[in-house]
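Protein chains: 2
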Amino acid sequence: MSAEPFRIGLLGHGTVGAAFATLLAERAGQVEAITGLRPSISGVLTRSRGDFDEILAGCDLVCELIGGTEPAGALVLAALDRGKPVVTANKELLAARGRELFDAADDKGLDLYFEAAVGGGIPLIRPLKESLTGERLSRVLGIVNGTTNYILTKMSEEGRAFDDVLAEAQRLGYAEADPTADVDGHDAAAKCAILASIAFNARVVSSDVFREGIARVTTEDIEFARRLGYVVKLLAIAELDDDRVAARVHAAMVPASHPLAAVRDAYNAVFVEGPNVGELMFYGRGAGGEATATAVVGDLVTVARNLQAGTRGVGCTCFLERTIRPMAEHRGQYYILLRVEDRSGVLAEIAGVFAESDVSIKSVWQEGAGDDAQLVFVTHRAREDAFQRAVDGLRELRAVEEVRSILRVEGEE
Amino acid sequence: MSAEPFRIGLLGHGTVGAAFATLLAERAGQVEAITGLRPSISGVLTRSRGDFDEILAGCDLVCELIGGTEPAGALVLAALDRGKPVVTANKELLAARGRELFDAADDKGLDLYFEAAVGGGIPLIRPLKESLTGERLSRVLGIVNGTTNYILTKMSEEGRAFDDVLAEAQRLGYAEADPTADVDGHDAAAKCAILASIAFNARVVSSDVFREGIARVTTEDIEFARRLGYVVKLLAIAELDDDRVAARVHAAMVPASHPLAAVRDAYNAVFVEGPNVGELMFYGRGAGGEATATAVVGDLVTVARNLQAGTRGVGCTCFLERTIRPMAEHRGQYYILLRVEDRSGVLAEIAGVFAESDVSIKSVWQEGAGDDAQLVFVTHRAREDAFQRAVDGLRELRAVEEVRSILRVEGEE
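Heads up: the protein sequence lines correspond to chains A and B, in order.
Every number in my numbering is 2 more than the matching position in the first sequence, counting from 1.
Every number in my numbering is 2 more than the matching position in the second sequence, counting from 1.
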């Protein structure tokens with residue numbers, strides 16, 4: 003007795019697409035045992051080969067592994083329009099046009115799965131959407147970009163400068179020739195938007211996410227962080243503030259004792275917090291064709307089972323209309339490094355500026371003397387706009403020769 | 003328009019049962035939004051109240067939160083027999099009689115979900131069963147018992163003895179009055195059996211799991227471990243060796259740089275390894291009524307959706323007939339601490355015994371002199387039976403006054 007076929011139209015055949023095709027062939031027997039369907043790739047679309055209409059007509063499911071917003075977006079919408087469920091690993095597309103895609107899938111009653119879009123092979127989306135339905139999550143905090151974590155790890159452990167490590171990462175293939183998407187936080191912001199959407203049943207797009215990259219992090223910052231008991235990481239943070247969603251991506255000092263501080267090299271980890279579950283962490287390699295392909299296969303097994311049963315997975319229909327909290331209203335802790343005149347009264351002047359802006363100082367530390375006199379401040383929690391006002395005030399002070407560096411501090415209570 | 007009811011028969015109303023009832027009431031709206039069904043508890047069975055037959059007749063799903071093998075086992079089987087899907091948090095029952103229960107659920111085409119049985123609120127079972135279907139997992143390695151991890155953490159960080167910390171843990175309610183289930187590794191072995199079953203599609207029961215507890219771990223062992231760069235943890239390990247399953251629970255030295263070494267107090271963490279995903283880790287509070295209740299709610303949402311769709315979740319039918327590898331064939335590294343005569347030639351005699359048994363020494367370290375002369379050995383990987391033979395040989399040596407301690411070493415390659 004031969005199982006019915008399950009025909010997959012594969013869009014894209016790059017690193018992830020090729021790894022997916024290999025893994026699927028390897029695991030076809032297991033997939034068949036679970037679903038009762040025999041999976042096979044019925045057509046492949048790349049820039050140079052394949053006819054999209056033919057592929058669509060001859061498949062039961064579309065696997066979109068092209069990446070980028072176009073032409074992937076148009077192809078996914080066309081697939082849904084023709085009644086085909088979709089599995090995608092496309093974070094940019096989901097973060098930019100998720101609402102449109104989810105609505106299209108809902109209209110047609112079709113599955114749209116995307117476990118591979120965040121954290122590569124780390125199961126994240128499904129635990130958040132399904133296992134944690136019983137929890138009212140309050141916060142998601144993670145290292146979701148392997149390239150920047152690799153760079154920051156090397157800077158921290160080998161004392162090397164950003165440009166130097168970046169160049170090496172590019173040589174080794176860990177960073178793209180154009181590293182902007184990673185280094186400036188665009189990749190992390192897309193993942194942050196997706197995590198925020200899933201965790202809080204909200205519609206959050208990339209442009210809702212406050213974003214700063216790591217290009218301005220210096221070895222000096224990392225050294226000060228170390229001395230103060232912190233490690234510098236690029237974090238993606240999504241929080242619920244009353245009923246508003248706050249989402250941001252930026253470098254931050256994290257206490258060395260925090261589990262995220264131990265996440266090194268190209269590894270990813272996502273912390274999830276809620277009143278009942280406390281803190282959960284999901285950790286693993288966040289990228290790589292093979293790891294990502296396992297997530298795609300996991301999704302397609304579920305879609306195949308749903309098709310067999312004539313149903314679909316947890317839909318995208320229960321989004322709440324949440325507003326986005328502006329970054330100005332964020333309350334956080336800050337580290338600020340100033341080069342200052344070396345004379346008496348300077349600290350009092352600076353403290354006065356902080357006080358006027360309602361920013362209270364947690365610790366201050368003097369370094370060097372004379373032309374090299376520097377002051378390092380770590381604040382208590384303060385509003386972002388108040389802190390920025392304070393920084394503007396400091397820049398106008400004669401005593402402050404240079405605002406050398408500002409970093410956020412996360413993970414302390 | 004009012005949603006159809008979804009009636010839950012709740013068996014057991016202890017810590018988890020009560021937390022579940024509270025959480026369900028709190029999240030009923032969310033559950034209804036996702037499933038289209040309005041959940042409510044239609045009956046509660048405890049030792050002193052409730053009629054099981056009435057509860058069964060009046061419910062759509064049974065939630066078994068009693069714990070222990072009986073009467074829970076008979077009740078779950080009766081529920082399945084009457085056509086009711088079951089959600090359970092009962093690790094003892096699943097680890098002892100899982101096969102019988104899964105077969106009963108399969109025969110009736112019913113859901114049997116048990117996310118809460120391992121790792122409390124940490125999503126583990128579903129990621130292993132569903133998200134990682136695409137992976138051929140090779141190993142699961144975890145800290146799955148919070149009580150023993152709390153005890154070992156206190157012993158390590160405060161240099162206190164086992165009995166002392168255990169007594170404190172009992173006073174604080176972190177350990178039971180009868181601590182056997184935790185301290186002797188029974189609880190961890192049950193969870194290990196479940197993890198092995200899920201990860202390897204095998205039928206592994208508690209009695210298949212090699213088991214040693216932590217009662218013989220001394221502060222001296224922990225101190226030696228620290229000096230050698232290790233931390234002592236109680237580990238549950240399930241591995242695939244060719245097509246055989248090996249499952250064991252025992253204290254082990256773990257390199258201080260290993261992510262599991264940083265899992266402190268009552269936290270749990272499970273490492274999962276496979277050729278494609280590499281290493282994944284799931285971390286969180288492994289117990290507690292509220293955390294466990296979130297897993298139960300997550301399961302019942304899925305069962306409710308499956309019922310609505312007239313389907314069931316990934317069944318339990320694709321178990322492979324795997325055999326269990328005997329512990330004698332295990333290959334591992336060992337730490338052994340000997341009190342020895344302080345004279346020349348002793349090391350050569352001991353090394354001779356190891357060599358005769360095919361156990362090769364990685365490092366040796368002498369401590370003290372005279373009556374206090376001690377030798378610490380760490381071996382390379384050796385077969386368990388060979389190592390035990392070597393230990394028997396050492397015990398017969400006149401030069402060896404006492405085999406003070408033996409610990410396994412894990413997490414090194």
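Backbone N, C-alpha and C define an ideal beta-carbon position, used for all residues, glycine too.
Interface flag, residue 303 of chain A vs chain B, CB-CB below 7 Å: The count along the first sequence starts at 1 and reaches residue 303 of chain A at position 301. True, the Cβ-Cβ gap to chain B drops below 7 Å.
Of the listed residues B/174, B/208, B/86, B/179, nearest to residue 190 of chain B (C-alpha basis): Taking the first residue of the second sequence as position 1, residue 190 of chain B is located at position 188. Ranking the options by Cα distance to residue 190 of chain B, first place goes to B/208.
Within chain A, partners of residue 124 of chain B - CB distance below 7 Å: Along the second sequence, one-based indexing puts residue 124 of chain B at 122. Those within 7 Å of residue 124 of chain B in chain A are 282.
Three or more C-beta pairs below 8 Å linking the stretch 76-91 of chain A and the stretch 178-192 of chain A: no
The stretch 206-221 of chain A: positions lying closer than 9 Å to chain B by Cβ: none
Buried or exposed by the 16-neighbour rule on C-beta atoms within 10 Å, applied to residue 4 of chain B: Locating residue 4 of chain B in the second sequence gives position 2, where the first residue counts as 1. Exposed.
9 Å Cβ cut-off: residues of chain A touching residue 300 of chain B: Taking the second sequence and counting its residues from 1, one reaches residue 300 of chain B at position 298. What residue 300 of chain B touches in chain A: 129, 132, 133, 134, 135, 136, 137.
Selection from A/49, A/375, A/67 that minimises the alpha carbon distance to residue 18 of chain A: As a position in the first sequence, residue 18 of chain A is number 16, starting the count at 1. The shortest C-alpha separation from residue 18 of chain A is found at A/67.
Nearest-angstrom Cα separation, counted from residue 223 of chain A out to residue 407 of chain A: The residue you call residue 407 of chain A lines up with position 405 of the first sequence. The residue you call residue 223 of chain A lines up with position 221 of the first sequence. Computed Cα separation, rounded: 7 Å.
Cutoff 7 Å: residue 292 of chain A Cβ touching any chain B Cβ: Start at 1 with the first residue of the first sequence, and residue 292 of chain A comes out as number 290. By this cut-off, residue 292 of chain A is an interface position.
Host alpha helix (DSSP H) of residue 83 of chain A (start-end): Position 81 of the first sequence, counted from the first residue, corresponds to residue 83 of chain A. Per DSSP, residue 83 of chain A belongs to the alpha helix (DSSP H) from 74-83.
Below-7 Å beta-carbon distance, residue 285 of chain B vs any chain A residue: Working through the second sequence from its first residue, we reach residue 285 of chain B at position 283. For residue 285 of chain B, the answer is yes, since a Cβ of chain A falls inside 7 Å of its Cβ.
Same chain, Cβ closer than 6 Å to residue 335 of chain B, five either side skipped, listed in chain order: Working through the second sequence from its first residue, we reach residue 335 of chain B at position 333. Same-chain partners within the cutoff: 381, 383, 411.
Other residues of its chain near residue 279 of chain A: CB distance less than 6 Å, five sequence neighbours each side excluded: As a working note, residue 279 of chain A is residue 277 in the first sequence. Closer than 6 Å at the Cβ level, and outside the excluded window around residue 279 of chain A, lie 137.
Interface residues of chain A facing residue 312 of chain B [CB-CB closer than 8 Å]: For this step, residue 312 of chain B is matched to residue 310 along the second sequence. By Cβ distance, chain A contributes 311, 312, 313.
Classification of residue 16 of chain A by the beta-carbon crowding that lies within 10 angstroms, buried from 16 upward: As a first step, residue 16 of chain A is located in the first sequence; it is residue number 14 there, counting from the start. It is exposed - the Cβ of residue 16 of chain A has fewer than 16 other Cβ atoms within 10 Å.
Within-7 Å CB hit, residue 197 of chain B to chain E: The structure shown has no chain E; the protein chains it does contain are A and B.
Contained alpha helix (DSSP H) runs [length at least 4] in the stretch 118-185 of chain A, N- to C-terminal order: 148-160, 164-174, 182-185
Status (buried if at least 16 other CB within 10 Å, exposed otherwise) for residue 259 of chain A: Numbered from 1 along the first sequence, position 257 holds the residue referred to as residue 259 of chain A. Exposed: under 16 other Cβ atoms inside 10 Å.
Neighbourhood of residue 185 of chain B by C-beta, 8 Å cutoff - its chain only, sequence neighbours within 5 removed: As a working mapping, residue 185 of chain B is identified with position 183 in the second sequence. For residue 185 of chain B, where only same-chain residues beyond five positions count, the Cβ hits under 8 Å are 149, 150, 153, 168, 177, 215, 216, 217.
Environment of residue 113 of chain B [buried if 16+ CB atoms lie within 10 Å]: As a working mapping, residue 113 of chain B is identified with position 111 in the second sequence. Counting Cβ neighbours within 10 Å, residue 113 of chain B comes out buried, since at least 16 surround it.
Between the CA atoms of residue 128 of chain A and residue 265 of chain A - distance to the nearest angstrom: On the first sequence, position 263 is the one that residue 265 of chain A refers to. On the first sequence, position 126 is the one that residue 128 of chain A refers to. When rounded, the distance between both Cα atoms is 22 Å.
Residue range of the alpha helix (DSSP H) that includes residue 298 of chain B: Looking up residue 298 of chain B in the second sequence gives position 296. Start and end: 291-311.
Complete alpha helix (DSSP H) runs within the stretch 204-244 of chain B (minimum length 4 residues, chain order): 221-229
Strand pairing of residue 257 of chain B, partner residues [DSSP]: Within the second sequence, residue 257 of chain B is the residue found at index 255, counting from 1. Partner(s): B/232.
Short CB-CB distance (under 7 Å) between residue 391 of chain B and chain A: Working through the second sequence from its first residue, we reach residue 391 of chain B at position 389. Chain A, which has no Cβ nearer than 7 Å to the Cβ of residue 391 of chain B, makes this no.
Proximal residues of chain A, C-beta to C-beta of residue 25 of chain B below 9 Å: Numbered from its first residue, the second sequence carries residue 25 of chain B at position 23. By Cβ distance, chain A contributes 136, 137, 278.
Residue nearest to residue 204 of chain B in terms of C-alpha spacing, selected from B/307, B/52, B/283, B/241: Here residue 204 of chain B corresponds to residue number 202 of the second sequence, with the count starting at 1. Ranking the options by Cα distance to residue 204 of chain B, first place goes to B/241.
Chain-ordered residues of the stretch 101-125 of chain B with a beta carbon less than 7 Å from chain A: 117, 123, 124, 125
With 16 other Cβ atoms within 10 Å as the buried cut-off, status of residue 359 of chain A: As a working mapping, residue 359 of chain A is identified with position 357 in the first sequence. Classification for residue 359 of chain A: buried.
Local Cβ density within 10 Å of residue 346 of chain A, reported as buried at 16 or more and exposed below that: Counting from 1 along the first sequence, the entry for residue 346 of chain A is found at position 344. Exposed, since its Cβ has fewer than 16 Cβ neighbours within 10 Å.
Contact set for residue 395 of chain B: own chain, Cβ-Cβ below 6 Å, skip 5 residues either direction: Along the second sequence, one-based indexing puts residue 395 of chain B at 393. These residues qualify, in order along the chain: 355.
Cβ distance (whole Å) where residue 390 of chain B is taken to contact residue 340 of chain B below 8 Å: What you label residue 390 of chain B is simply residue 388 of the second sequence in a count that begins at 1. What you label residue 340 of chain B is simply residue 338 of the second sequence in a count that begins at 1. Contact doesn't hold; Cβ gap of about 15 Å is too wide.
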